[in-house]
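Take a look at the structure below.
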Amino acid sequence: MEPIVSIVGRPNVGKSTLFNRIAGGPIAIVEDLPGTTRDRIFASVDVFGHRVTLIDTGGLELKPGDEMSHKVKRQVELAIAESDAIIFVVDVREGLIAADQEIADRLRRLGKPVVLAANKAETEQLRTACTDFYRLGLGDPLPVSGHHGKGIMELLEALVNKLPAAEKQAEENVRPRLAFVGRPNVGKSMMVNAIVGEEKVIVDGIAGTTRDATDTIFKEDDGEVVLIDTAGLRKRSKAGTGLEFYTLVRTLRAINRCDVALLVMDASESITAQDMHIAGYIKEACKGIVLLINKWDLVGDDKQIEYRDVINRRMRFISHAPVLFVSALTGLRVKDIIPVALDVWRERQKRLPDEVIDKLVRDAVVSHAPPPRGTRRLEIFRAYQGGINPPSFTFLVNDPALLHFSYKRYLENRLRQTFGFTGTSLELLFKKVTKKSSKTRGKIT
9 MEPIVSIVGR PNVGKSTLFN RIAGGPIAIV EDLPGTTRDR IFASVDVFGH
59 RVTLIDTGGL ELKPGDEMSH KVKRQVELAI AESDAIIFVV DVREGLIAAD
109 QEIADRLRRL GKPVVLAANK AETEQLRTAC TDFYRLGLGD PLPVSGHHGK
159 GIMELLEALV NKLPAAEKQA EENVRPRLAF VGRPNVGKSM MVNAIVGEEK
209 VIVDGIAGTT RDATDTIFKE DDGEVVLIDT AGLRKRSKAG TGLEFYTLVR
259 TLRAINRCDV ALLVMDASES ITAQDMHIAG YIKEACKGIV LLINKWDLVG
309 DDKQIEYRDV INRRMRFISH APVLFVSALT GLRVKDIIPV ALDVWRERQK
359 RLPDEVIDKL VRDAVVSHAP PPRGTRRLEI FRAYQGGINP PSFTFLVNDP
409 ALLHFSYKRY LENRLRQTFG FTGTSLELLF KKVTKKSSKT RGKIT
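Going by the numbering used here, 192 is the number at position 184 of the sequence shown; the sequence numbering is gapless.
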């Protein structure tokens, strides 16, 4: 399960700039997808081989006034309640102020691992001024500049050293975990109730009734599955403070610990930008995905072709996802949800022999060679499947920097066309090997 790392601090210290620098840089797993990269406050990123969920708490605005101490205490505690580590951002130019000290006090008492980022340290003089922040009692203040990209690698190295060890589970003893996610009030809780056949979770017409992720064990013909009901993910402007931010973190944690995410959307509202945000995150987290178009009783099957066209246009980046037109209220196709989700789960367990992968890549290269980058071209020496859940494929190459994103997409499409992998994200890793070791393997390109 991905650790959750929240970026916290008072207003205008550069939290969002730092978030964008980390999430948008070469170390990040970021999809250039319409509606998924602008104004996001969460992203799945890879930090030196450790995948984490990064949260920007830019909405945690501390308004001045008599209740400042109370607001600081409440918002910071909510922000870190479900976080595994914290990046605490301060402003070197403004120096140490009372609000920084208040936040630091709360962080120390709550005992979460903290990395102290002294932001806006663009000059040597400002870097020297960082020593003043030792008074916060949170260890070494690391001089960084989110705007200029200075000190970011050192910051992330310090973060990795503070991350908790990943939990290991025996694959054979793990039930398939299915998380119902989506915007508030699209019918997630009602969907779980319709599947289970009784009211296991609270259903209410008021948006946001479900604040925490709730697990329900459901016995199916092939065994037991875990149904995870979650609170809705709101837009950025509505997810900034109090329980809304806490809800966001809990929902992302539910996505991280599931095998297959069932994205519930409201048929009467078409596909929104927030639906695309959530789908983009599920893909980044390399989870399986099924699209559930709920409240279909309000639309009708004669509109399926038209609605599928909209899905293909707006969500083509998850074209591998199965789509079900359902109604939790009437029970329309509800019985199909678990079987389809389990089909996706089984696709995530698929393992292929190395020689089969190697042959597919050889054929793919013969059909369409990698495009040149200047005078050089990507060479693939070996390809093999490295893991399952998600299916992970490793390509040993001469230089990963020569890989064009379109060729990576081409290789993924060839894997899907040949072996299926319906509904699940694939992880494609490109690793550099030396010429000496590559000669022993034989070159594909």
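Even for Gly, the Cβ is constructed at its ideal location relative to N, Cα and C.
None of the values given here were measured: they were computed from a predicted structure.
Which residue's Cα is closest to the Cα of residue i: the options?
i, options, result
"Lys295", "Val189, Arg114, Val373", "Val189"
"Asp390", "Arg384, Phe401, Arg381, Ala293", "First, the residue type needs correcting, since residue 390 is Arg and not Asp in the sequence shown. Comparing Cα positions, the closest option is Phe401."
"Arg101", "Asp64, Ile95, Pro151", "Pro151"
"Asp229", "Ile365, Arg356, Gln425, Leu350", "Leu350"
"Gly145", "Asp113, His412, Leu26", "Asp113"
"Asp7", "Arg341, Asn320, Arg324", "The structure shown does not extend to residue 7, since the chain is modelled only from 9 through 453, so no value can be given for it."
"Asp344", "Arg29, Met199, Cys138, Pro149", "Met199"
"Asn5", "Gly103, Tyr392, Leu115", "Only positions 9 to 453 of the chain appear in this structure, which leaves residue 5 out of reach."
"Ile95", "Ser14, Gly154, Phe226, Gly32", "Ser14"
"Asp92", "Ile63, Pro361, Asp140", "Ile63"
"Gly382", "Pro398, Gln357, Val405, Ala409", "Ala409"
"Arg324", "Lys291, Leu436, Phe50", "Lys291"
"Asp437", "Asp407, Gln425, Lys358", "One detail in the question is off: residue 437 reads as Leu in this sequence, not Asp. Leu437 has its Cα closest to that of Asp407, out of Asp407, Gln425, Lys358."
"Val53", "Asn264, Ile365, Pro149, Gln109", "Asn264"
"Arg384", "Leu360, Leu411, Lys367", "Leu411"
"Tyr392", "Leu386, Lys416, Pro361, Pro380", "Pro361"
"Tyr142", "Phe427, Glu165, Arg417, Ile105", "Ile105"
"Thr61", "Ala166, Ile313, Leu260", "Leu260"
"Lys367", "Ile388, Lys358, Pro380", "Ile388"
"Leu118", "His376, Gln425, Ile88", "Ile88"
"Ser197", "Ile236, Ala31, Gln109, Ala173", "Ile236"
"Ile346", "Lys311, Leu164, Phe226", "Phe226"
"Lys439", "Ser24, Ile319, Gly394, Gln109", "Gly394"
So residue i and residue j are in contact, right, with Cβ under 8 Å, and what is the actual spacing, rounded?
i, j, result
"Glu90", "Ile12", "6 Å"
"Glu232", "Arg185", "Not really, about 11 Å apart at Cβ, beyond 8 Å."
"Ala293", "Glu10", "7 Å"
"Arg354", "Thr280", "Actually they are not in contact, since the Cβ atoms of Arg354 and Thr280 sit about 31 Å apart, beyond 8 Å."
"His58", "Leu171", "6 Å"
"Ile111", "Val257", "Wrong, their Cβ atoms sit about 17 Å apart, outside the cutoff."
"Ala187", "Cys266", "4 Å"
"Leu404", "Val441", "5 Å"
"Arg321", "Val331", "13 Å between Cβ atoms; not a contact."
Please report the residue range of the beta strand (DSSP E) in which residue i lies.
i, result
"Asp237", "231-237"
"Asp371", "Asp371 -> not in any beta strand (DSSP E); alpha helix (DSSP H) instead, spanning 362-375."
"Tyr392", "388-395"
"Lys227", "222-228"
"Asp99", "93-99"
"Pro151", "149-151"
"Ala126", "122-127"
"Arg18", "Premise fails: Arg18 is in no beta strand (DSSP E) and is neither H nor E."
Hey, residue i and residue j: beta-carbon distance below 9 Å or not?
i, j, result
"Arg18", "Ala107", "yes"
"Gly195", "Val97", "no"
"Ser276", "Leu306", "yes"
"Leu419", "Val369", "yes"
"Gly205", "Val298", "no"
"Thr222", "Thr238", "yes"
"Glu435", "Pro398", "yes"
"Ile326", "Ala287", "yes"
"His29", "Gly154", "In the sequence under discussion, the amino acid at residue 29 is Arg, which differs from the His named in the question. Closer than 9 Å, so yes."
"Val168", "Phe56", "yes"
"Ile396", "Arg356", "yes"
"Tyr289", "Ala51", "yes"
"Lys358", "Phe413", "no"
"Asn193", "Asp274", "yes"
"Val268", "Val374", "no"
Could you spell out the range, first to last residue, of the alpha helix (DSSP H) harbouring residue i?
i, result
"Asn302", "Run containing Asn302: none in the alpha helix (DSSP H); it sits in the beta strand (DSSP E), 296-302."
"Val200", "196-204"
"Ala269", "Looking at the DSSP string, Ala269 is not in any alpha helix (DSSP H); the run it does join, the beta strand (DSSP E), is 268-274."
"Asn421", "413-427"
"Ala166", "160-170"
"Ser24", "23-32"
"Glu110", "106-118"
"Arg185", "Arg185 -> not in any alpha helix (DSSP H); beta strand (DSSP E) instead, spanning 185-189."
"Leu134", "132-137"
"Glu90", "Segment: none, Glu90 is in no alpha helix (DSSP H) and carries neither H nor E."
"Ile286", "281-292"
"Ile49", "Counting along the chain, Ile49 falls outside any alpha helix (DSSP H), and DSSP gives it neither H nor E."
"Ile326", "That residue, Ile326, is in no alpha helix (DSSP H); it is neither H nor E in DSSP."
Under 8 Å: do the segment 125-134 and the segment 153-161 share three or more Cβ pairs, one atom per stretch?
Under the Cβ criterion (8 Å, minimum of three pairs), the segment 125-134 counts as touching the segment 153-161.
Three CB pairs or more closer than 8 Å across the segment 318-338 and the segment 296-303:
Yes, they touch.
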